[in-house]
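Structure first, commentary second.
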Amino acid sequence: MSAYAIRYADRAARRKAALTAPQRGALLALEKRLAVNPFGPPATSNRDNSWSAAFAGGFVTYVVSNRHVVINVVDLVTV
1282 MSAYAIRYAD RAARRKAALT APQRGALLAL EKRLAVNPFG PPATSNRDNS
1332 WSAAFAGGFV TYVVSNRHVV INVVDLVTV
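First residue of the sequence shown: 1282, per my numbering; consecutive thereafter.
Here you go:
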């Protein structure tokens, strides 16, 4: 099975660029897990065809295209 590519919407990309170094590292680890299986832990179904997954310092909300093997991150929130 191919790994999923991950793309960020504009707002999510800006927020990703503003992450602290520890948050970036945690997000990178999450991206690696999601690229292999975007539906496995720590993913949570939002029951509207979107998913969320947390990383240390925030979470992402995304939709998955199995046809194109792409994860589209539509939002990134820091806490």
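We put the beta carbon where it would ideally sit given N, CA and C, even for glycine.
Of the candidates SER1283, ALA1293 and ASN1327, ALA1293 places its Cα closest to the Cα of VAL1355. For VAL1345, the three-state secondary structure derived from DSSP is strand. The Cβ atoms of PHE1336 and ALA1307 sit closer than 8 Å to each other. Taking 8 Å as the cut-off, the Cβ atoms of VAL1345 and TRP1332 count as close.
Exclusion of the five residues before and after GLN1304 leaves PHE1336, ALA1337, GLY1338, GLY1339 and THR1359 as the residues of its chain whose Cβ lies within less than 8 Å of its Cβ.
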